[in-house]
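Residue numbering for the sequence shown follows the working numbering, starting at 3 and increasing by one per position. The beta carbon of each residue, even a glycine, is placed where N, CA and C say it ideally should be. Predicted model, so just to flag it, every value in this text is computed and none were measured. Heads up: the structure comes next, in structure tokens.
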Amino acid sequence: MRSPFSIALLVLAAGACASNTPKAPAAPAPPTDAKVTSMPVAQLEKRESAATDEDDTPIPISKDDPTWGSRGALVTIVEMTDLQCQYCAKADKTVARLRETYGPDQLRVVWKHHPLPFHPNARPAAEWAQGTWALGGATAFLCFEQKAFDGQSRLARDAYAAWAKECGVDAGALEAGVNAHRFSDVVDQGIALSAKLRASGTPTFFVNGVTVTGAQPYEKLVAVVDAQLAIAKLLLSKGAPADKLYVIASTVNHEAEKEEADADGEPAEDIKTVHRVPVGQSPARGPQTAPVTIVEFSDFQCPFCKRAEATVGELRKKYGEKIRIVWKDEPLPFHLRAEPAAEVAREARAQRGDSGFWDAHDALFEAQPKLEDEDLESVAKKLGINVGKVKEAIKAHRHKKAIDADADLADDLEAAGTPHFFINGRRLVGAQPLEKFSAIIDEELRHADELKARGIAAAKLYDEMIKDGKGPKPLEKRALAAAADAPFRGPAGAPIVIQEFSDFQCPFCSRAESTLNDVLKAYPGKVKLVWRQMPLSFHDNAHLAAEASMEAYAQKGNVGFWKLHDLMYENQKDLSRDALERYAKQAGLDVKKFSAALDAGTHKAAVDKDAKLGSDAGVQGTPAFFVNGYFVSGAQPFAKFRRVVDQALVDAAKH
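Here's what the structure looks like:
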């Protein structure tokens with residue numbers, strides 16, 4: 003049953019456009035005392051001093067976050083945003099209207115940076131925007147943000163400097179701060195928080211902790227804000243301090259959503275659940291005979307991983323040889339310097355063994371966020387290892403196979419986000435305090451004593467503890483008939499066939515195209531990519547664009563289809579009828595025949611047939627992929643496709 007605190011407007015945001023849009027909830031009447039007061043009052047009593055600390059919540063707020071409105075506002079909206087995202091630009095107008103409607107005493111807006119990896123200009127724009135906040139406050143930030151959204155086609159350093167000056171900020175000081183990476187940590191923190199909250203798309207809003215995904219209409223956000231206002235006013239009437247409202251409401255709402263998600267899906271994982279996490283040949287600190295093994299999935303560019311290292315150091319001092327720390331690489335795709343840094347650590351190990359790895363590990367975290375090539379070379383010189391070999395390792399990705407193997411294991415274990423720990427197989431997520439680690443470690447030490455009393459050798463303790471643990475989920479398989487006549491790329495007789503259900507108006511589909519190009523390059527001659535149409539009903543121009551692509555296929559086969567395909571994705575913001583005819587001309591099509599086919603709906607039945615086949619096969623959003631029968635949903639990173647394609651190749655070799 004949904005908690006009365008959770009006036010939820012939940013939309014799946016897993017890198018895919020969902021095929022069903024959410025309905026706006028009716029604004030509820032103010033809740034009764036019986037429905038509202040017991041849980042938050044209990045929370046308030048438990049939190050007391052901590053409740054004034056807004057960085058101690060599931061959706062933390064820090065002094066570095068760009069903010070508009072009063073700390074004592076009844077409702078706080080935290081927005082994950084990307085300055086290159088067209089939907090964020092649209093949502094910005096809605097947020098401005100909300101600010102006008104409610105004012106700073108009722109509504110506070112906090113911005114978190116989430117530059118998406120497929121938007122090349124989003125990250126630098128975020129750092130410049132963060133700098134305007136640091137140097138000029140809310141007025142300068144809002145001014146810069148609006149100019150960036152209005153000028154999305156012109157996102158570049160010269161424009162940033164000009165906008166900053168127009169917004170009253172010293173452009174020279176701002177540029178110097180950006181060049182010195184003064185604002186990069188805040189951007190990294192926003193990205194990491196988005197990953198932790200599974201807010202994979204932008205914009206994503208948290209209204210006193212209630213999740214609202216996408217550029218929703220003004221009326222839908224008003225319904226959520228009004229519901230939270232009613233709850234906040236009731237809490238105030240019961241004596242809750244205004245500066246504690248956000249902590250209470252966001253914590254309760256977040257937990258309620260989590261409980262609801264667990265009830266709708268698989269049962270929540272028990273804290274005592276043990277996973278089979280192999281150590282393999284990974285770098286380790288501490289003896290193999292240690293009664294507790296902590297396997298750490300981490301990323302050298304992740305600020306939360308750096309924070310966690312201090313805690314791991316405290317654990318080593320506290321427990322000594324009773325614990326073994328095992329490192330696993332999980333360079334996140336949006337941390338572009340994480341994989342090169344991992345190469346340095348791996349190369350240090352190749353030259354000087356485990357001690358070389360851990361020396362590099364410490365030096366890399368000390369250098370963070372300065373991890374450019376020259377910074378990594380400085381680390382190598384400091385360590386006294388062969389700098390030439392380090393440069394070669396970075397350039398050639400010499401250790402990528404081992405790094406990928408660690409990342410694949412993380413995927414198997416559903417260890418999304420870093421840092422991610424398994425203590426004798428028991429999961430602990432994030433940069434947790436020492437006490438959280440110690441509670442599990444102390445239990446595991448007692449468990450180890452019991453096993454040793456039963457005659458289990460110290461060197462065999464870890465294997466014994468995880469042998470009956472939870473294993474990885476198998477790759478999902480779904481049946482789908484092969485396409486009789488559909489556009490494709492790659493060799494016709496390739497052993498791997500990827501059938502892609504996509505929508506020309508879906509931004510996640512556009513994002514997936516570069517990944518698919520990487521797949522084709524990585525497996526030359528082995529992959530055939532087949533296009534299947536699935537225009538979603540809430541994308542007004544998607545069906546006509548799909549018909550247009552089929553007319554291009556009818557006129558000029560695969561060459562014509564992919565030319566128009568590329569033009570439509572390059573110009574995704576404008577898929578109007580006039581625009582489609584312009585793109586058809588650029589693709590070298592017969593525009594007269596093209597227009598006649600669109601007028602007559604010549605390809606409508608074929609498009610609808612494809613969409614029905616996808617729906618019948620369980621496709622609920624775009625993009626979706628069938629890789630020799632293995633199902634992949636959403637705009638997944640290259641690593642996910644690599645895993646599935648490799649498995650499909652193994653299967654193909656058996657037949």
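- DSSP lists no bridge partner for glycine 559.
- With a contact defined as Cβ atoms closer than 8 Å, alanine 286 and valine 328 qualify at about 5 Å.
- Counting the other Cβ atoms within 10 Å of the Cβ of proline 493 gives fewer than 16, which makes it exposed.
- In this structure, DSSP gives tyrosine 321 a helical state, which the three-state scheme calls helix.
- Listed in chain order, the beta strand (DSSP E) runs fully inside the region 337–366 amount to none, counting runs of at least 3 residues.
- DSSP places histidine 449 inside the alpha helix (DSSP H), whose first and last residues are 436–455.
- DSSP places valine 593 inside the alpha helix (DSSP H), whose first and last residues are 593–602.
- The closest CA to that of serine 72, considering only Arg110, Gly211 and Asn573, is found on Arg110.
- Here the C-alpha atom of isoleucine 498 lies approximately 13 Å from the C-alpha atom of leucine 518.
- When the beta-carbon positions are compared, histidine 256 and alanine 201 stay at least 8 Å from each other.
- A distance below 8 Å separates the beta carbons of alanine 142 and valine 171.
- For the beta strand (DSSP E) assignment, the uninterrupted runs of no fewer than 3 residues enclosed by the region 481–513 are, from N- to C-terminal side, 498–504.
- Excluding the 5 residues flanking it on each side, phenylalanine 628 has same chain C-beta neighbours closer than 6 Å at Leu482 and Gln501, in chain order.
- Of the candidates Ala344, Gly390 and Glu416, Ala344 places its Cα closest to the Cα of isoleucine 405.
- Taking a contact to require three or more Cβ pairs closer than 8 Å, the region 529–546 and the region 573–581 qualify as touching.
- Taking C-beta atoms under 8 Å as the contact rule, glycine 192 and lysine 114 qualify, at a distance of about 4 Å.
- Between proline 476 and the set Ser196, Lys391 and Asp410, the nearest pair of CA atoms involves Asp410.
- Beta-bridge analysis with DSSP links glutamate 298 to Trp329 and Phe423.
- In chain order, Pro293 and Leu463 place their CB closer than 6 Å to the CB of alanine 450, counting only its own chain and leaving out the 5 sequence neighbours on each side.
- Nearest to phenylalanine 643 by C-alpha distance, out of Lys274, Met536, Lys469 and Ala514, is Ala514.
- Here the alpha carbon of alanine 589 sits roughly 55 Å from the alpha carbon of leucine 385.
- In the assembly as shown, arginine 326 is a buried residue. Its beta-carbon has 16 or more other beta-carbons within 10 Å.
- According to the DSSP assignment, serine 578 belongs to no beta strand (DSSP E), since it is labelled neither H nor E.
- Between the alpha carbons of proline 305 and aspartate 187 lies a gap of roughly 7 Å.
- Taking all protein chains in view, the Cβ of glycine 562 is crowded by 16 or more other Cβ atoms within 10 Å, so the residue is classified as buried.
- About 6 Å separates the beta carbons of alanine 369 and aspartate 377, which is inside the 8 Å limit, making them a contact pair.
- For leucine 430, there is no enclosing alpha helix (DSSP H); the enclosing beta strand (DSSP E) covers residues 428–431.
- With a cut-off of 8 Å on Cβ pairs, the region 200–216 is not in contact with the region 135–149, counting fewer than three such pairs.
- Inter-segment contact for the region 230–242 and the region 75–82 is present: three or more beta-carbon pairs are separated by less than 8 Å.
- Spatial neighbours of arginine 428 in its own chain (CB-CB distance under 8 Å, excluding positions within 5 residues in sequence) are listed in chain order as Ile273, Lys274, Thr275, Val276, His277, Ile442 and Glu446.
- In terms of Cα proximity to alanine 418, the closest of Leu334, Ile468, Ala460 and Glu349 is Leu334.
- Distance from the CA atom of glutamate 298 to the CA atom of alanine 398, rounded to whole angstroms, is 26 Å.
- Selection Thr420, Gly216 and Val212 evaluated against threonine 204 yields Gly216 as nearest (Cα-Cα).
- Between the C-alpha atoms of valine 249 and aspartate 57 there is a straight-line separation of about 9 Å.
- DSSP, reduced to helix, strand and coil, places lysine 274 outside both helices and strands of the structure shown, so it counts as coil.
- For valine 80, the enclosing beta strand (DSSP E) starts and ends at 77–83.
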